[in-house]
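Residue numbers (full-length UniProt numbering), protein chains in the order written: chain A, 1 to 221; chain B, 1 to 221. Step one of this worksheet: look at the structure below.
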DNA sequence: ACATCCCTTACGGAAATCCGTAAGGGATTG
DNA sequence: CAATCCCTTACGGATTTCCGTAAGGGATGT
């Protein structure tokens, strides 16, 4: 079992719940951070002290308050940490069940666990901690099944840019111009139209407005 | 102070936190419901038993699981309850800080309290319970300030329909036709165009796609 | 080399949207 | 009653988007 764990989570009542589990698992050093910035500092400090954390249990969304923070989300924190301390195990503990977001963290950021805060969340978290301590990984069952069958759509960077510009109010002419300035290809009017047509087909969108709302709902842009 | 309180909340660790507060406030009867349907049943039953609840502390979002539920959100529950037991006090305790949603609950559904689950959430909840027990109302400070200055936009039903149809892939021609069938006026092509132009101006949208993404982000549709 | 495939670009016409103007019809007000 | 205001509708032209066709170029395979 882990000896030194950091919990990054801003809601106190959930912190209490997590803490009680860690105590039951007889974790010796339990630290808490209510801000992402704090979490990063503590982890850096622990490395400097030659006594690094072994596991981070991390929420994704942190409420803003009066404090100025540079890291506002768990995603940013995790992305940094994988450079700072690659051997640090990470379990995401969040209410966020959107497959797109979970998939990015699991596959790209390579977190070791992803646990949903639901009715049985704490029990699952305990399970996850045990698994990860054995060098296995853990993903909440509901999420695991949807991730498997849900053949996730990942939009290529080009399509993301195209749709984002549309959503932000650029006309196709403006996008063509912009792509030419930035050296992004293809940038002809024709190609842009064709991509949009293909995307409409792919997503069964009747109009371009429809298309943009669909990809926004799917959080692809 | 209240003697009989129901807590509708699906995440166990938060339930624990709320429970500990209610105990400190020496509430005699504390009930919990992990599903909206359960909450409704318990409240009805309590009325039938001539021993109704005095206060409901209610989350908004409830995770779906294997159980079939008819009420899937706190909003639906609250809307029903205000008919079922008009004198029941309600405090919303949620992570949802979108002013649009909060405003609807506070002004339309007339809940007595709206507390955000943030770093000081439990302390605020305690404060709210005390206030509401004195027939006052309570709104989380952060929210209260934004609600005041944020001169909330409320879109008339007609505009909501128009934009929703656009977002769902109808062309302006199809919308004109649809409005005529439904007897919704104005339904001329011209009027539809004019409304969209006005809306684009109101929201500083460059294009119609832009407009739709803006109102979707604001959760106006 | 040649054929094939895939992608980009170009072009032209159809369709949809955008925009301004103007006419008509209620409601309000002097 | 007349004047005014506001909204709806109609219409025409400009702009934008949509769609099909075709030409050109690079990569791959035979």
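Where is the CB? At the ideal position from N, CA and C, for every residue including glycine. For clarity, every value in this text was computed on a predicted model and none was experimentally measured.
Distance between beta carbons of residue j and residue i, contact taken as under 8 Å
i, j, result
"residue 56 of chain B", "residue 88 of chain B", "6 Å"
"residue 28 of chain A", "residue 3 of chain A", "5 Å"
"residue 264 of chain A", "residue 200 of chain A", "Because chain A spans 1 through 221 in this model, residue 264 of chain A falls outside it and cannot be assessed."
"residue 21 of chain A", "residue 121 of chain B", "Not really, about 20 Å apart at Cβ, beyond 8 Å."
"residue 18 of chain B", "residue 125 of chain B", "7 Å"
"residue 132 of chain B", "residue 157 of chain B", "Not really, about 32 Å apart at Cβ, beyond 8 Å."
"residue 210 of chain A", "residue 167 of chain B", "7 Å"
"residue 143 of chain A", "residue 116 of chain A", "6 Å"
"residue 49 of chain B", "residue 69 of chain B", "Between residue 69 of chain B and residue 49 of chain B the Cβ distance is about 24 Å, and since that is not below 8 Å, they are no contact."
"residue 78 of chain A", "residue 90 of chain A", "6 Å"
"residue 119 of chain B", "residue 63 of chain A", "7 Å"
"residue 16 of chain B", "residue 16 of chain A", "7 Å"
"residue 103 of chain A", "residue 147 of chain A", "6 Å"
"residue 43 of chain B", "residue 75 of chain B", "16 Å between Cβ atoms; not a contact."
"residue 101 of chain A", "residue 219 of chain A", "7 Å"
CB contact check: residue i to chain B, cutoff 8 Å
i, result
"residue 208 of chain A", "yes"
"residue 118 of chain A", "yes"
"residue 17 of chain A", "yes"
"residue 65 of chain A", "yes"
Residue i: first and last residue of the uninterrupted alpha helix (DSSP H) it sits in
i, result
"residue 209 of chain B", "208 to 217"
"residue 13 of chain A", "12 to 24"
"residue 200 of chain B", "189 to 202"
"residue 175 of chain A", "172 to 182"
Residue i, enclosing beta strand (DSSP E) - first and last residue
i, result
"residue 4 of chain A", "4 to 8"
"residue 113 of chain A", "113 to 116"
Contact with chain A by residue i, beta-carbon distance below 8 Å
i, result
"residue 68 of chain B", "no"
"residue 121 of chain B", "yes"
"residue 85 of chain B", "no"
"residue 115 of chain B", "no"
"residue 59 of chain B", "no"
"residue 111 of chain B", "no"
"residue 215 of chain B", "no"
"residue 212 of chain B", "yes"
**Q.** Under 8 Å (Cβ pairs) to chain A, residues found in the segment 23 to 39 of chain B
**A.** 34
Q.
Give me the subset of the segment 157 to 184 of chain B whose CB atoms are less than 8 Å from a CB atom of chain A, sorted by chain position.
A. Going along the segment 157 to 184 of chain B in chain order, one finds 166, 167, 168, 169, 170 and 171 with a Cβ nearer than 8 Å to chain A.
Q) Unbroken beta strand (DSSP E) runs of length 3 or more, entirely within the segment 15 to 101 of chain B: which are they? A) 29 to 33, 55 to 58 and 89 to 94
Q.
Closer than 7 Å between beta carbons: that is the criterion. Which residues of the segment 190 to 209 of chain A meet it against chain B?
A. 205, 206, 207, 208 and 209
Q.
Taking beta-carbon pairs under 9 Å, can you tell me which members of the segment 3 to 15 of chain A lie near chain B?
A. 10, 11, 12, 13, 14 and 15
(Q) To test your reading of the DSSP string, which unbroken alpha helix (DSSP H) runs of 4 or more residues are found completely within the segment 133 to 160 of chain A? (A) 141 to 149
Q: Check each residue of the segment 125 to 159 of chain A: if its Cβ is closer than 8 Å to any Cβ of chain B, include it; give the result in chain order.
A: 142
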